[in-house]
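Residue numbers for the sequence shown, in full-length UniProt numbering: 1 to 204.
The next block holds one structure in the form of structure tokens; read it before the comments.
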Amino acid sequence: MACTCFTKHPLPLLNFTRPTKNFPSPALPPSQILTFPTFWPQIPHSVHPIFLISLLPSFTPSSQVSKGDVPPNFTLKDQDGKTVSLSKFKGKPVVVYFYPADETPGCTKEACAFRDSYEKFKKAGAEVVGISGDDPPLTRLPFTLLSDEGNKVRKGGGSSDLFGTLPGRQTYVLDRNGVVQLVYNNQFQPEKHVEETLKLLQSI
Numbered sequence: 001m002a003c004t005c006f007t008k009h010p011l012p013l014l015n016f017t018r019p020t021k022n023f024p025s026p027a028l029p030p031s032q033i034l035t036f037p038t039f040w041p042q043i044p045h046s047v048h049p050i051f052l053i054s055l056l057p058s059f060t061p062s063s064q065v066s067k068g069d070v071p072p073n074f075t076l077k078d079q080d081g082k083t084v085s086l087s088k089f090k091g092k093p094v095v096v097y098f099y100p101a102d103e104t105p106g107c108t109k110e111a112c113a114f115r116d117s118y119e120k121f122k123k124a125g126a127e128v129v130g131i132s133g134d135d136p137p138l139t140r141l142p143f144t145l146l147s148d149e150g151n152k153v154r155k156g157g158g159s160s161d162l163f164g165t166l167p168g169r170q171t172y173v174l175d176r177n178g179v180v181q182l183v184y185n186n187q188f189q190p191e192k193h194v195e196e197t198l199k200l201l202q203s204i
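Shown next as structure tokens:
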């Protein structure tokens, strides 16, 4: 189960038969289409707020990290309160995985999957680094956990959000030169992040 919370109350049925105004014409200037004064009044009143979120304009940071990029260096505190920089791992492959929150079912499952396969990562000469916006838990793991207060590093790298509002689950694999070789996003299958990263590490 992924680290998400859903309301206890069922979602109301959407009333698509109610006459509504048309959405702005694609011929309009982008600045006009994406502004709330022109976008908001076009939304049917019967649409549930959760559905509404998916209709709102989505903006991606211009610094989104993709395959082939060298991500900017960052420095965060680990589970021991020590500062750790991404540049520390240059010279060896490193797996950097962003997870939504500590001590939740999906994130615990993901951390345990990385822990159980840690010897395989070591054999590949790779380091594993987990990052979330929480303070790292006291639970001891054989790899580094970092606290990204305010999710600044996550947002700066353009990591995907869950439903556009919650911190998502995204993993990066950097080679020995610090170049991104894999960007993997799977919100609901935490263990797949381990499988995909190990598969790639065998080829670099």
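For every residue, glycine included, the Cβ atom is placed at its ideal position computed from N, Cα and C.
- Can you round the beta-carbon distance between residue 94 and residue 129 to whole angstroms, since I take them to be within the 8 Å contact cut? Residue 129 and residue 94 do touch by the CB rule: their CB atoms are close to 6 Å apart, below 8 Å.
- Would you decide whether residue 87 is buried or exposed? Buried here means 16 or more other CB atoms lie within 10 Å of its CB. Answer is exposed; the Cβ neighbour count stays below 16.
- Decide if residue 85 is buried, meaning its Cβ has at least 16 other Cβ atoms within 10 Å, or exposed. The residue is exposed, with fewer than 16 neighbouring Cβ atoms inside 10 Å.
- Message: If you follow the beta strand (DSSP E) that residue 77 is in, where does it begin and where does it stop?
- Response: Note, residue 77: beta strand (DSSP E), 75-78.
- Query: Cβ atoms of residue 131 and residue 89: under 8 Å apart, would you say?
  - Reply: Against a cut-off of 8 Å, the Cβ pair of residue 131 and residue 89 comes out as no contact.
- Query: Is DSSP giving residue 141 helix, strand or coil here?
  - Reply: In the three-state scheme derived from DSSP, where H, G and I count as helix and E and B as strand, residue 141 is classed as coil.
- Message: Let me make sure I understand the geometry here. Which of 194, 203, 168, 158 has the alpha-carbon closest to that of residue 69?
- Response: Out of 194, 203, 168, 158, 158 has the C-alpha closest to the C-alpha of residue 69.
- Query: How about residue 192 and residue 185: are their beta carbons less than 8 Å apart?
  - Reply: If you check the CB distance, residue 192 and residue 185 do not come in under 8 Å.
- Enclosing alpha helix (DSSP H) for residue 70 [first to last residue]: First-last for residue 70: undefined, no H or E at that position.
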